[in-house]
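Enquirer: Positions 64 to 337 (the working numbering) are the ones given, in order, by the sequence shown.
Where is the CB? At the ideal position from N, CA and C, for every residue including glycine.
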Amino acid sequence: MSTRRWLTGIAAIAVSVVVFLVPFAFIVIQAIKSPAEASELNFSWPTQFAGWDNLVEVVTFNDNMILRAFVNSTILTVASVVIMVVLAAMTGYVLQRRPGRLNPVINFFVLAGLIAPPAVVPTIWVLQGLGLFKTLPGLILIEATYGLSFCILLFRAFVATIPRQLDEAAVLDGAGPMRLFFQVVFPLLRPVIVTLVVVQSVAVFNDFANPLYFLPGNDNATAQLTLYNFQTQSLSQYNLLFMDILLITIPPLVMYIFFNRKIVAGMTNGAIKG
Numbered sequence: 064m065s066t067r068r069w070l071t072g073i074a075a076i077a078v079s080v081v082v083f084l085v086p087f088a089f090i091v092i093q094a095i096k097s098p099a100e101a102s103e104l105n106f107s108w109p110t111q112f113a114g115w116d117n118l119v120e121v122v123t124f125n126d127n128m129i130l131r132a133f134v135n136s137t138i139l140t141v142a143s144v145v146i147m148v149v150l151a152a153m154t155g156y157v158l159q160r161r162p163g164r165l166n167p168v169i170n171f172f173v174l175a176g177l178i179a180p181p182a183v184v185p186t187i188w189v190l191q192g193l194g195l196f197k198t199l200p201g202l203i204l205i206e207a208t209y210g211l212s213f214c215i216l217l218f219r220a221f222v223a224t225i226p227r228q229l230d231e232a233a234v235l236d237g238a239g240p241m242r243l244f245f246q247v248v249f250p251l252l253r254p255v256i257v258t259l260v261v262v263q264s265v266a267v268f269n270d271f272a273n274p275l276y277f278l279p280g281n282d283n284a285t286a287q288l289t290l291y292n293f294q295t296q297s298l299s300q301y302n303l304l305f306m307d308i309l310l311i312t313i314p315p316l317v318m319y320i321f322f323n324r325k326i327v328a329g330m331t332n333g334a335i336k337g
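In C-alpha cells form, the structure reads like this:
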C-alpha cells in the first residue's frame, strides 16, 4: 500500500510539473529573450538576456498604459469582490435560515446564474439605458452579478454548519437582524470568505471577455487587454508579449501561493451539511 501511495504521489507531482510549471517556465524564458530569439518560440535558454529591457519597454509602452491598466484591474477586482461577498453572504444566510415559499424560485434563479450563458447584446443595451456602458462602475456590476450565484451556494452551505443557538442567543440579547448578521454570523464565515475572495479575485483580475465587451477603449483598459499592445495581424512582439503575460500572472500566482490551504478549507467546510 505504501509503494502504491508513493507511486501515486510521484505521478501527481509529474502531472503538476507538466501542466503548470512547464508553461510558466516557457513564459519566463521567452520574456527574457531578445526579439529575434523570442520570435522563434523555442523552448531553449536565451543566448542574449534582454529581460530588463523588455520589462522597461512593456511598462513605458503607450504612455505607461500597463500601469493604468493595473490600477483599473485593482479597482475592478476589489469593488466586485466586496459586492459579491457581502450580498452573497446575506442572501445565503436568509435562504438557509428563513425558508419560505419563494425559496424554490430564488434557488432556481441562483442555479440559472451558473448554467445560463451570459447574453452580451442585451446586457450592453441595459448598460446603455442606465448610462453605465463603457464605465468602470458598469463593469463592476457585471463582474459582481456573474459571480454572485457561485458565492451564494458556498455561503448557504457554510451557514448550515453554524448552530442556530447562536442566532437565538443573539436575539435574546436584543440584537436586531443587521447586528445579528454582521456581528455574530458574518465573522464566523471567515473561512469561506477567504476562499471566495481569493477565487473570485483571480477570476475577475484574469477576466478578458467582459472588459473587452463592456469596457472598450485604451483609457479604460484592464491588465488582460494590454496583451493587444504587442500582437496584431501583421506583427507580434513575442518578447514583450510574454513579458506582459508574466507581469499579469504574478499577482494571482502570489495570492494563490499564500492562500491555497485556506481555499481548500473554505470549499470543503460546508460540504457535509447543506
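Quick one: Cα of Pro162 to Cα of Asn127, how far?
Expert: Approximately 52 angstroms, taken between the alpha carbons.
Enquirer: Which runs of the alpha helix (DSSP H) spanning at least 4 residues fall entirely within the segment 154-233, listed in chain order?
Expert: 166-178, 183-193 and 199-222
Enquirer: Is the segment 250-268 in contact with the segment 106-114, if contact means three or more CB pairs nearer than 8 angstroms?
Expert: no
Enquirer: Go through its chain and collect everything with a Cβ distance to Thr140's Cβ below 7 angstroms, but skip five positions before and after it.
Expert: Ser264, Val267 and Phe268.
Enquirer: Closest to Phe305 by C-alpha separation, out of Glu206, Ala88 and Asn166, would be which residue?
Expert: Ala88
Enquirer: The alpha helix (DSSP H) that contains Ile76, what's its start and end?
Expert: Ser65 to Ser79
Enquirer: CB-CB under 8 angstroms to Arg131, same chain, minus the five flanking residues each way: which ones, in chain order?
Expert: Asp282 and Ala284
Enquirer: State buried or exposed for Gly337, treating a residue as buried only when at least 16 other CB atoms are found within 10 Å of its CB.
Expert: Residue placement at Gly337 is flagged as unreliable, the pLDDT there being 42, under the threshold of 50; the coordinate-derived value follows with that caveat. By the 10 Å Cβ count, Gly337 comes out exposed.
Enquirer: Pick out the complete alpha helix (DSSP H) segments inside the segment 81-124, 4 residues or longer, and give them in chain order.
Expert: 85-94 and 98-101, all fully within the segment 81-124.
Enquirer: Give the list of continuous alpha helix (DSSP H) stretches no shorter than 4 residues that lie fully inside the segment 272-308.
Expert: 272-277
Enquirer: With Gln263 as the anchor, note down where its alpha helix (DSSP H) starts and where it stops.
Expert: Arg253 to Phe268
Enquirer: Excluding five sequence neighbours on each side, which residues of the same chain lie with their C-beta closer than 7 angstroms to the C-beta of Thr289?
Expert: Met128, Ile129, Ala132 and Asp307
Enquirer: Under 8 angstroms between the Cβ atoms of Leu158 and Arg219?
Expert: yes
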